[in-house]
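In my numbering, each residue carries its 1-based index in the sequence shown increased by 5. First the structure, in the form of C-alpha cells, and then the observations on it.
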Amino acid sequence: MAAAQLTTDRLAETHRPTLDQALETIRTRAYWSPHPEHPKAYGENGSLSAADGLAAYESLLNSRFELDQPGTDGWTGGEVSPYGPALGIEYPHADIDVLLPAMRAGMAAWRDAGPETRALVCVEILARISARTHEFAHAVMHTSGQAFMMAFQAGGPHAQDRGLEAVAYAYAEQVRTPQDAGWSKPQGKRDPLELQKAFTPVARGIALMIGCNTFPTWNGYPGLFASLATGNAVLVKPHPRAVLPLALTVRVAREVLAEAGFDPNLVALAVERPGEGIAKTLAVRPEIRIIDYTGSTAFGDWLEANARQAQVYTEKAGVNTVVVDSTDDYKGMLSNLAFSLSLYSGQMCTTPQNLLIPREGITTEQGPKSYDEVVADLSASVAGLLGDDARANALLGALVNPDVKTRLEAAAALGEVALPSREVANPEFPDAVVRTPVIVKLDGAKPDDEAAYMSECFGPVSFAVAVDSTADALELLRRTVREKGAMTVGAYTTSADTERAVEEVCLEESAQLSLNLTGGVYVNQTAAFSDFHGSGGNPAANAALCDGAFVANRFRVVEIRRQA
6 MAAAQLTTDR LAETHRPTLD QALETIRTRA YWSPHPEHPK AYGENGSLSA
56 ADGLAAYESL LNSRFELDQP GTDGWTGGEV SPYGPALGIE YPHADIDVLL
106 PAMRAGMAAW RDAGPETRAL VCVEILARIS ARTHEFAHAV MHTSGQAFMM
156 AFQAGGPHAQ DRGLEAVAYA YAEQVRTPQD AGWSKPQGKR DPLELQKAFT
206 PVARGIALMI GCNTFPTWNG YPGLFASLAT GNAVLVKPHP RAVLPLALTV
256 RVAREVLAEA GFDPNLVALA VERPGEGIAK TLAVRPEIRI IDYTGSTAFG
306 DWLEANARQA QVYTEKAGVN TVVVDSTDDY KGMLSNLAFS LSLYSGQMCT
356 TPQNLLIPRE GITTEQGPKS YDEVVADLSA SVAGLLGDDA RANALLGALV
406 NPDVKTRLEA AAALGEVALP SREVANPEFP DAVVRTPVIV KLDGAKPDDE
456 AAYMSECFGP VSFAVAVDST ADALELLRRT VREKGAMTVG AYTTSADTER
506 AVEEVCLEES AQLSLNLTGG VYVNQTAAFS DFHGSGGNPA ANAALCDGAF
556 VANRFRVVEI RRQA
C-alpha cells in the first residue's frame, strides 16, 4: 500500500476543531453547521462551483463508474431520472464471496488506529464530499426527483451534517471508557492486588447500508459513518434507482482511506442486477453484523425477523398526524401546513398525512372556523402556494416512481376531494411527472374511511379527518402512533390543557412532536445536532437519527488485563 499522504497530525490539525465543535453541539443542541447551505458559498478553496459541479455530473453520464474494488464480475446499471433522461451509467457488480473477505482484511489496522483517527478520517471524507456538493446535488436530483435546491440542501449539507453528527456520537461513545487504567485493590496488611487494564473498542464486523430511493445521502450517511467511525467495514447497497449519489460517496471514502494509509476496501459498493434482489441475500450472510435500512415496512419487518446475526437499524413507514384544535395565527398555520404538504410532493417520511379536525370546527383569532372552512382554506392555501408553475416545480420536484402516481390517482376515490391534484408542466424536463397534492375529506367515525387514513399513502396525499372532538383526535392520534407508528406529530392549540394532553400522548407513545409551527420551520424538517429524526420507540422506526443508542451497539469493548 502506498505511504499515507494524510498523516494523523495533519488530520488532527485540519479536522479536530470540527469534531470538537460537533461534540459540543450535540451536548447543547444549538444550531451549527460547518457545511454551507447556499450554492453561492461554493467555488473557492477547492470546492466545485455551480458550473463545475454540473460539468462533473455530466461527465459521469453514459460511462462506466470505475471503483477498482475486488470481486468485480461484470457491470450493471439502468438508472432513469424522474425528470426523464436515462443516466446511462454502468457500475461494477460484485462477487460477494470475493468482496466480503477483502473487506475484512483491513479491519484490524482500522481498529488499531483508535477512535480519534477513525473519526478524523470520516470528517475528511465528509469535507471532500462537501467540496463537491454541486456535483452531488445533480446526482441526488436525477435519482430522487427532488427539485434542485432541495437536492442541493437535503442531499448535500444537511446529509453531511447528519453524517458528522453520527461521527460525533460514535466518538463520544467509544471514548467513554478510558483506553488504559491501573487497578489496585487493598488487602490490609498484605500487598494490594494490582492489575493493568486496557480497553479497546472492537467493531462487530461488516455493516450493510441499504440505501433508499428518495433520500439516498440524507438517510444513508448516518448509518454509513456511524459504522465506519466505530471500526466496521461498510458495504453500501444502493437502491437500484438511486445508485449514483452513494457510488460517488463510496469512491470518495475509498480515496481518503487509501491516502490515510488504510485499506480502501473498508468501504465498498454492491449494485444489483435488475431483479437480483441482493439485499435479502446479503442481509443473512454471517459476515454482515450490522444493517441500516430505510424503506418499506414490509422489508424492514423482514430484516428484523430474519437477519438475526446482525444488529438491525430500521426506518420504516408511519402515519404522520397533525391535530388541529385552535390557533392564534390562522393564516400562519395554513401557510405552514400548505408548505409541509407540498414539499417534495409529500415524498418524505416526515410529511403529514392525517389532519385531525373537530367536525364542529376550531377557534382562531379570526373567530370560529368550521371543519369545512378549515379544509377549504387549507386547500386554497396549497393552491395559492403552487399556483405559479415555476414555483410549483421548485417545491414539488418530480414523482420518484410510478407507484406514487398510482396512489395519488387512487386517492381521489377514497372520499370527497377538497383539493384535486393537477399536472404541472416542467419546461426544462418535459418528461418529468409533476403533480400537486390532493386533499381528501374523510370521516373519523366511519369504519370504511378508517382503512384509508390508518394506512400510509406515501406521496402527495393528505386526509382531512373529521373527528367528534379534540379529545377524540387525541385518542385517534394515540392509536395511530401505537399501531402504525409516526415519524412526526404536529399540533395546533391555544389551550394549555390541550397542549399538555398532546405532549402526554407523544411522550407515552414515543413520537416526536412539533407544536404551533407558523413560521419558517416545518414539521417535516429536522436539524442535525439538535433534532432527533424518529424516536425508535414506535413502529415507524426502531432507531433515532442520531442518539447514543444509534452508535453504541455497533462496537463492543474488549478488555485485556495484565498483572501489574
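We put the beta carbon where it would ideally sit given N, CA and C, even for glycine.
For Pro363, the uninterrupted beta strand (DSSP E) segment begins and ends at 359 to 363.
Ile211 is bridged by DSSP to Ala238, Ile293. Pairing Gly402 with Ser350 gives a Cβ-Cβ distance under 7 Å. Membership of Leu518 in the beta strand (DSSP E) is indicated by the continuous run 518 to 520. By the Cβ neighbour-count rule, Arg32 is exposed, with fewer than 16 other Cβ atoms within 10 Å of its own. Rounded to whole angstroms, the separation of the alpha carbons of Gln352 and Gly464 is 5 Å.
The alpha carbon of Ser345 has as its nearest neighbour, out of Ser331, Thr332, Val327, Asp334, the alpha carbon of Val327.
In this model, Gly236 and Phe560 are separated by some 7 Å (Cα to Cα). When the Cα atoms are used, Cys551 and Val172 turn out to be separated by approximately 10 Å.
Check the Cα spacing between Pro39 and each of Pro87, Arg69, Ala164: the tightest is with Ala164.
Bounds of the alpha helix (DSSP H) holding Gly168 are 162 to 179. Under a 10 Å Cβ-count criterion, Pro243 is classified as buried, with 16 or more other Cβ atoms of the shown protein chains found around its own Cβ. In the DSSP assignment, Arg412 falls within the alpha helix (DSSP H) that extends over 407 to 416.
Assignment of Gly48 by DSSP, reduced to helix, strand and coil, places it in the coil class. Residues of the same chain with a CB within less than 6 Å of the CB of Arg21, apart from the 5 flanking positions on each side, do not exist. Inclusion of Tyr497 and Thr332 in the CB contact set at 7 Å is warranted, their separation being smaller than that value. Its chain contains Ala322, Val324 as the residues whose beta carbon lies nearer than 6 Å to that of Glu461, once the 5 sequence neighbours on both sides are disregarded; these appear in chain order. Between Ser386 and Ala343, the C-beta spacing is below 7 Å. In the same chain as Phe434, and ignoring 5 residues on each side of it, the C-beta atoms closer than 6 Å to its own belong to Tyr88, Gly89, in chain order. Put simply, the region 209 to 221 touches the region 287 to 300. At least three CB pairs are less than 8 Å apart. Contact check for Leu169 and Leu131: beta-carbon distance about 6 Å, within the 8 Å limit, so the pair qualifies. Ala569 sits close to Glu199, with the two beta carbons spaced by under 7 Å. By the neighbour-count definition (other C-beta atoms within 10 Å, threshold 16), Leu481 is a buried residue.
Secondary-structure assignment with DSSP links Thr485 through no beta bridge to anything. At a Cβ-Cβ threshold of 7 Å, Pro250 and Thr222 count as neighbours. Cβ neighbours of Leu11 within its own chain (closer than 8 Å, five residues either side excluded): Val126, Glu129, Val261, Glu264, Ala265, Gly266. When DSSP reads this structure, Leu198 sits in a beta bridge with Lys190. Assigned with DSSP and collapsed to three states, Arg137 falls in coil, not helix or strand. By the 16-neighbour rule on beta-carbons within 10 angstroms, Asn270 is buried.
Residue state for Ile283 is assigned as helix, using DSSP reduced to three classes. Within the same chain, and ignoring the five residues on either side of Gly305 in sequence, the residues whose Cβ sits closer than 7 Å to its Cβ are Tyr298, Thr319, Lys321. Assignment of Thr299 by DSSP, reduced to helix, strand and coil, places it in the strand class. A distance below 7 Å separates the beta carbons of Tyr96 and Gly82. Along the length of the region 91 to 134, whole beta strand (DSSP E) runs at least 3 residues long occupy 95 to 99, reported in chain order. Each residue's CA atom was taken as its position, placing Ile293 and Leu383 some 48 Å apart. The Cβ atoms of Leu413 and Val466 sit closer than 7 Å to each other.
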